[in-house]
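Quick note, the sequence shown lines up with residues 1461 to 1921 if you use the working numbering.
Please read the structure below before turning to the comments.
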Amino acid sequence: MVFSSLPFLFFYLMAVLAVYKLSPLKIRNLILLLVSLFFYGWGEPVYIFIMLLSIAVDYTHGRLVERWRENDRLARRAVASSVICNLAILFFFKYWDFFAVNIHALTGIPLPVLGLPLPIGISFYTFQTMSYTIDVYRRDAPVQKNVVTFGAYVTLFPQLIAGPIVQYKSVAEQLEGRREDLEKFVSGIQRFTVGLAKKVLLANAIGELWDTSIAAQDLTVAGAWLGLLGFAFQLYFDFSGYSDMAIGLGRMLGFEFLENFRYPYISRSVVEFWRRWHISLTTWFREYVYFPLGGNRVSRIKWVRNILAVWLLTGIWHGAGWNFLLWGLYYALWMLAERLFLGRWLEKLPGALRHVYTMLVVLVGWALFAVEGLDQLAAFLGTLFGGGQLWAAVDGYHLRSYLPLLAILTAASTPLMKNRWDRLGERARSVLTPVLVLAALVLCTASLVDASYNPFLYFRF
């Protein structure tokens, strides 16, 4: 079940909100746990046991850390055990087949390829539960003694299957007592609707441009760049739309999640781009990998090692494939280049040129991200950089067909519309907001009724 589906919008969500709001405050975390398990089990009920295992593992380890607080050696062992258990689960389901195939190719050692379907959202909720034990050890978060409350945190359906990655310390107080009022609920509806419109009306609409390009038999240079631009917009509006919906749903239930995107496509450096894109993931790696390795308070060689480690892990987190490792290495090299020497040169350039440079780097990065087979990736990159016919009539057709949408996407990926909205008077906004929300919901519903194309790109992570 996905947020941009009619069963979710008109059955599941309505039923959950009714049951949740009518329930006594003291059992609302239990309600959240049950409805979230139902939500997850709708797609793959057999994998609910992994979710329950994750809850049991990290709840137990959190209690052990607190129990052994005065014995640092034992507390550290509990943290290490938690990390090992979580990574073992993630490795088995997400990376085992990749590992087995490549070990066999390199050494000839036959290892079984299991072909297990990837549990939806396992990368997100595994990172969440793993960070809980670490935060308890660091005293950044209180230990949770109520297993139902902890289970509600792990399974919280608004952000369960595609983030944002919600650290326990950011919602610990909200789990115990959260503010729920009409103003926050209405704000949640508005934010959810914005995300739904991003996903249904924008991401889905441009996604077919990329699918057409990648499937083309005689892809041209112009077609490759145009398709890649379509993918860049599709991924942004798909994922940021999902994050908006998660934040909106959280508000309806009384939670406040941190922002996950801040207009990344207006960035003027690669470093800035990653301060704006998938903020919850970069924050996680910074706090639980980069800083523990020493961050930038180490020798130059170790700092380079830290950057490489963080970005190779970021790459492989996204998927078990060589292209994701290349994608992580690609950004590690750009990060190092900007911080060592390129950044000083970029500061001397006009802002427009810095923006063009950043978007070219990002677009090529999306090629590494999107095309998974190494042979296909090499062929696509070859075409992208001039290894084919420059232009074909079909490219002109696609450009004319998608140009109005591309203009809308460009404007929507900047703060332009928000700034214009904020300049309106409070009275004008109060009148226009319900009209726009209702119109967006009607358009999204009409689109979903007739839709045959409604993917969520980050489900595979």
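C-beta atoms are modelled at their ideal positions from N, C-alpha and C, and glycine is treated no differently.
Best match in the options for proximity to residue i [C-alpha to C-alpha]
i: Leu1656; options: Arg1728, Leu1800 and Leu1466; result: Leu1466
i: Val1902; options: Met1461, Leu1469 and Val1462; result: Leu1469
i: Gly1847; options: Arg1488, Asp1678, Val1821 and Gly1754; result: Asp1678
i: Tyr1696; options: Ile1767, Gln1627 and Arg1722; result: Arg1722
i: Asp1704; options: Gly1687, Phe1845, Tyr1597 and His1738; result: His1738
i: Ser1647; options: Ser1673, Gln1604, Leu1616 and Met1712; result: Met1712
i: Val1897; options: Trp1685, Arg1488, Arg1651 and Phe1552; result: Arg1651
i: Ala1692; options: Ala1478, Lys1762, Lys1644 and Glu1668; result: Glu1668
i: Leu1512; options: Trp1528, Glu1526, Val1525 and Leu1493; result: Leu1493
i: Trp1734; options: Ile1868, Gly1825 and Ser1907; result: Gly1825
i: Trp1744; options: Thr1589, Leu1661 and Phe1840; result: Thr1589
i: Leu1786; options: Leu1800, Gly1803 and Leu1768; result: Leu1768
i: Asp1910; options: Val1543, Ala1665, Glu1719 and Leu1524; result: Ala1665
i: Pro1505; options: Phe1784, Met1461 and Arg1599; result: Met1461
i: Leu1616; options: Thr1520, Ala1663, Phe1559 and Phe1717; result: Phe1717
i: Glu1863; options: Leu1686, Leu1850, Tyr1500 and Ala1622; result: Checking the sequence shown, residue 1863 turns out to be Leu, not Glu. Cα-wise, what sits closest to Leu1863 is Leu1686.
i: Ile1549; options: Ser1673, Phe1509, Val1573 and Gln1694; result: Phe1509
i: Arg1536; options: Leu1547, Leu1524 and Asn1546; result: Leu1524
i: Arg1639; options: Ala1853, Leu1485, Ile1649 and Asn1879; result: Leu1485
i: Ala1827; options: Glu1526, Asp1855, Asp1671 and Ser1541; result: Asp1671
i: His1936; options: Phe1559, Ser1673 and Phe1845; result: The structure shown does not extend to residue 1936, since the chain is modelled only from 1461 to 1921, so the question has no answer here.
i: Gly1803; options: Ser1583, Pro1894, Ala1838 and Glu1732; result: Glu1732
i: Thr1593; options: Val1543, Leu1574 and Ile1569; result: Val1543
i: Leu1741; options: Ala1838, Gln1627, Arg1887 and Tyr1500; result: Gln1627
i: Phe1699; options: Val1681, Gly1683 and Glu1719; result: Glu1719
i: Pro1875; options: Ile1726, Val1764, Leu1844 and Leu1866; result: Ile1726
i: Leu1865; options: Asp1557, Gly1842, Arg1736 and Leu1662; result: Leu1662
Burial state of residue i, where buried means 16 or more other Cβ atoms lie within 10 Å
i: Asp1641; result: exposed
i: Gln1836; result: exposed
i: Ser1873; result: buried
i: Thr1870; result: exposed
i: Ala1675; result: exposed
i: Ile1515; result: buried
i: Glu1530; result: exposed
i: Lys1605; result: exposed
i: Asn1756; result: exposed
i: Tyr1585; result: buried
i: Thr1567; result: exposed
i: Asn1489; result: buried
i: Leu1534; result: exposed
i: Glu1798; result: buried
i: Met1795; result: buried
i: Phe1840; result: buried
i: Lys1481; result: exposed
i: Ala1565; result: exposed
i: Arg1728; result: buried
i: Ser1759; result: exposed
i: Tyr1597; result: buried
i: Pro1810; result: exposed
i: Leu1689; result: buried
i: Asp1532; result: exposed
i: Leu1491; result: Per the sequence shown, the amino acid found at residue 1491 is Ile instead of Leu. Classification for Ile1491: buried.
i: Asp1855; result: buried
i: Asn1546; result: buried
i: Ser1890; result: exposed
i: Ser1861; result: exposed
i: Val1614; result: buried
i: Ala1518; result: It is worth fixing the name first, because residue 1518 is Asp in this sequence and not Ala. That one is buried.
i: Val1561; result: exposed
i: Phe1471; result: exposed
i: Lys1808; result: exposed
i: Asp1882; result: exposed
i: Asn1766; result: buried
Checklist entry - Contact between the segment 1625-1637 and the segment 1608-1617: three or more CB pairs below 8 Å? => result Because the criterion of three Cβ pairs below 8 Å is met, the segment 1625-1637 and the segment 1608-1617 touch.
Item to check | Cβ contact check for the segment 1828-1842 and the segment 1778-1787: 3 or more pairs under 8 Å | outcome: yes
Item to check | Segments assigned alpha helix (DSSP H), at least 4 residues, entirely inside the segment 1535-1606 | outcome: Qualifying alpha helix (DSSP H) stretches, in chain order: 1556-1567 and 1582-1598.
Checklist entry - Does the segment 1746-1760 touch the segment 1807-1827, meaning 3 or more C-beta pairs lie closer than 8 Å? => result No, the segment 1807-1827 does not touch the segment 1746-1760.
Item to check | contact_flag[the segment 1549-1566, the segment 1574-1592] where n(CB pairs < 8 Å) is 3 or more | outcome: When C-beta atoms of the segment 1549-1566 are compared with those of the segment 1574-1592, three or more pairs fall below 8 Å, so the two segments count as touching.
Checklist entry - Which runs of the alpha helix (DSSP H) fall wholly inside the segment 1632-1713 and span at least 4 residues, in chain order? => result Segments of the alpha helix (DSSP H) lying fully in the segment 1632-1713: 1642-1657, 1664-1675 and 1681-1712.
Next on the checklist: If we require 4 or more residues per run, which alpha helix (DSSP H) segments fall completely within the segment 1762-1843?
Outcome noted: Taking 4 residues as the shortest admissible run, the segment 1762-1843 contains the following complete alpha helix (DSSP H) segments, listed from N- to C-terminal end: 1782-1797, 1803-1806 and 1811-1830.
Checklist entry - Does the segment 1785-1802 come within contact of the segment 1766-1776, defined as at least 3 CB pairs closer than 8 Å? => result yes
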